[in-house]
Amino acid sequence: MAIPKIKEQEKFELHITADNVESTDERFTMDNLGLGDNYKPLDAYFMKASGEIIKRSYSKGERRNSNQTMPRIACQIFEKQLAGLSVEEKENFPICKYTPDGDTYRGIYSSVEEFKIHRNTIEYMIYAYDNGRQFVIYCWNIFSTILFVQECLKRFGEAGDQFVLTYREKDEKETLEAETESAVQEELVQQFKGYRNPFSSMLIESKNLIFRGAPGTGKSYLAKEIATDIISNGYFDDYTLLTDEQKKQVEFVQFHPSYDYSDFLEGLRPKVNDDGTMGFELRDGIFKKFVARARKNYEDSKKSRETIEKELSVQESMTAFFSGIELGVDTFKTINGNEFTVTSVDDKHINISIPGNATVNRLTLNLDEVRKMLESEQKFDKIKDITTFFGKSFATQAYSYDFAIYKAIRDKKNAASKTKAKQEELKKYIFIIDEINRGEISKIFGELFFAIDPGYRGESGEISTQYANLHADPDEKFYIPENVYIIGTMNDIDRSVDSFDFAMRRRFRFVELRADERLEMLALLEDEDLEAEAIRRMAALNKEIASVEDLNENYQIGASYFLKLKTLDFDQLWTDYLQPLLQEYVQGMYDEDGFMKKFAKAYGYQEPSRGDADETTQDQG
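Position in the sequence shown (first residue = 1) + 62 = our numbering.
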């Protein structure tokens with residue numbers, strides 16, 4: 063039996079000069095360098111005007127013929143010239159411009175840390191030279207550094223010099239490998255870099271973490287620091303430095319006695335109907351909305367680039383279709399000839415009006431069903447095809463209208479258009495619950511006890527919610543993906559940890575924060591003398607508090623109270639904040655006045671004399 067020959071893939075050559083970029087592939091264009099994701103480098107070299115060829119002097123362990131080979135050759139040849147650039151010239155050095163209207167990526171940096179300050183991504187190349195010094199530039203696909211090497215030719219090359227890149231299209235296996243490379247690299251980077259805060263790794267390991275401790279220990283502030291640390295991959299912990307997009311990976315909620323399941327996960331909320339009557343509709347709570355964002359990212363990160371591009375193309379077609387019709391005016395017909403109009407569309411539903419139907423003149427369709435039909439690229443010719451597709455025994459009334467809308471979108475879809483996309487990066491999402499013990503935990507979480515368990519994250523922990531029968535798909539399951547992490551904070555003296563039942567307590571890791579553990583916060587006062595005095599007074603006061611028999615360390619005062627010294631003096635901090643709090647602690651105790659005097663003395667507060675009080679009154683008058 064003859065072995066069939068494998069068809070040899072066509073090779074292309076890309077020639078880059080100071081003035082021009084040309085390829086033997088007629089499809090190549092400088093208008094979309096993102097297409098470089100589709101190609102594999104075979105060879106790269108520098109050719110002088112004289113015809114002399116210079117290849118890469120590979121470092122030990124360096125991969126041959128990678129996306130980084132050509133820019134490494136440029137760095138190798140023009141090393142001295144690049145090193146001689148000023149800091150400003152390096153920061154403004156052009157690297158990449160994917161489209162004519164897109165932003166120009168700039169910058170030659172001296173370290174990965176410096177690079178990440180300007181661009182927090184794993185898409186970079188490191189070129190080592192001169193005993194430990196580095197050039198770090200943006201680099202992703204084989205076309206992403208064309209602008210960089212061309213700029214090197216313009217500034218440092220001679221007339222006729224050029225770079226030559228040989229490449230071919232990736233096969234299916236290579237495409238799949240490339241799509242997972244980003245996630246692998248990110249994991250490796252994180253293992254090497256680590257987090258700034260020791261509690262960050264603790265949260266990653268445990269999934270669920272609760273900080274408990276005295277008031278003012280900075281529990282909420284710490285939770286934000288940890289979230290920022292994790293999301294930035296250990297490069298900073300200041301929440302304000304996160305981008306708007308990164309902040310979508312963090313959510314905050316504060317529990318209170320009236321907070322319940324409908325606020326947290328889902329529940330019925332009042333709604334004014336079109337005819338003016340009152341009704342109810344099922345709405346997602348803050349946690350379910352947050353999990354939906356995380357779950358989409360988690361599921362998208364597992365998809366191939368081809369799948370993502372298909373979904374984006376369908377989404378664009380649906381958006382174009384619904385924005386192109388006049389709501390409530392343009393009519394559509396079902397197979398049976400029933401006319402209807404689309405009255406409104408949101409991210410989950412298509413609301414339609416059926417004037418000719420005396421029984422049901424309004425209907426809500428599941429937008430996701432139409433989307434899945436379009437994404438499947440399956441041909442639907444009759445209603446039964448839809449029933450079979452969704453695994454149903456009987457067709458629903460909605461399927462007739464789904465079919466009509468599906469056909470209308472499909473007929474208008476531009477088959478020639480294709481959306482380019484990159485592999486979705488797996489992100490981490492942090493949900494922060496402040497004052498977690500002030501709510502009725504069992505009532506708020508309900509069946510989530512099972513789903514939040516670190517051992518049952520993902521589809522293995524799927525649950526049916528209390529309102530599952532009201533979902534568009536009653537069989538819909540809810541689960542918490544692996545990329546969701548929960549931080550809770552609690553004040554032990556506000557309400558005991560005993561309010562947690564054992565089922566909930568074993569699903570969280572508890573960390574005690576002492577009053578003196580977060581003193582570094584006081585550096586925010588930006589005054590060393592003031593900081594030292596605050597620490598001295600806090601230590602003296604807490605020592606006195608601990609000496610009271612009915613009090614303990616949970617009643618001590620944390621450092622965050624003393625941050626108010628930015629705008630208050632020590633006496634104002636005492637009278638307006640600390641004294642009322644401590645008064646609550648000792649209320650009803652034997653000799654509470656005596657305790658308060660000891661606290662005031664330890665803190666360093668002295669009651670103004672009567673004469674001083676009178677003078678103050680007169681001055682105010």
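Even for Gly, the Cβ is constructed at its ideal location relative to N, Cα and C. All values reported here derive from a predicted model rather than from experimental measurement.
According to the neighbour-count rule (16 or more other Cβ atoms, all chains shown, within 10 Å of its Cβ), is residue 547 buried or exposed? buried
Only counting the same chain, and skipping five residues up and downstream in sequence, which positions put a Cβ closer than 6 Å to that of residue 529? 328, 344
Using the C-alpha atoms, what's the distance from residue 133 back to residue 170? 12 Å
If you compare alpha carbons, which of 91, 667, 642 is closest to residue 602? 667
Complete alpha helix (DSSP H) runs within the region 318-369 (minimum length 4 residues, chain order): 323-326, 348-363
Cα separation between residue 218 and residue 367? 38 Å
Express the C-alpha separation of residue 83 and residue 90 in angstroms, rounding to a whole number. 10 Å
Can you pull the DSSP bridge partners for residue 395? 401
Nearest-angstrom Cβ-Cβ length linking residue 178 and residue 297, presumed shorter than 8 Å: 5 Å
Return the first residue and the last residue of the beta strand (DSSP E) that residue 84 is part of. 83-85
Bridge partners - residue 447, DSSP secondary structure assignment: Residue 447 pairs with nothing; no bridge assigned.
Span separating the alpha-carbon of residue 555 from that of residue 308: 34 Å
Is residue 226 near residue 107, with beta carbons less than 8 Å apart? yes
With DSSP as the reference, please indicate the residues paired to residue 270 in a beta bridge. 548
Going by beta carbon distance, what residues of the same chain come within less than 6 Å of residue 356, once the five residues before and after it are set aside? 491, 543, 545, 546
Straight-line CA distance for residue 130 to residue 550? 44 Å
So residue 506 packs on residue 322, CB below 8 Å; how close in whole Å? 6 Å
Whole-angstrom distance between residue 201 and residue 382, CA atom to CA atom: 34 Å
Apart from the five residues on each side of it in sequence, which residues of its chain come closer than 6 Å, Cβ to Cβ, to residue 741? The requested residue 741 is not part of the displayed model; the chain covers only 63 to 683.
Out of 358, 473, 597, which has the shortest C-alpha to C-alpha gap to residue 697? The shown model of the chain, from 63 to 683, leaves out residue 697, and the question about it has no answer.
So, under 8 Å CB-CB, residue 173 and residue 196 are touching, yes? Tell me the CB distance rounded to an integer number of Å. 6 Å
Shortest alpha-carbon distance to residue 475 belongs to which of 269, 374, 139, 147? 374
Go ahead and pull the three-state DSSP assignment for residue 80. coil
Thinking residue 623 and residue 278 are a contact (beta carbons under 8 Å), I'd like their distance in whole angstroms, please. 4 Å
Between which two residues does the beta strand (DSSP E) containing residue 106 stretch? 101-109
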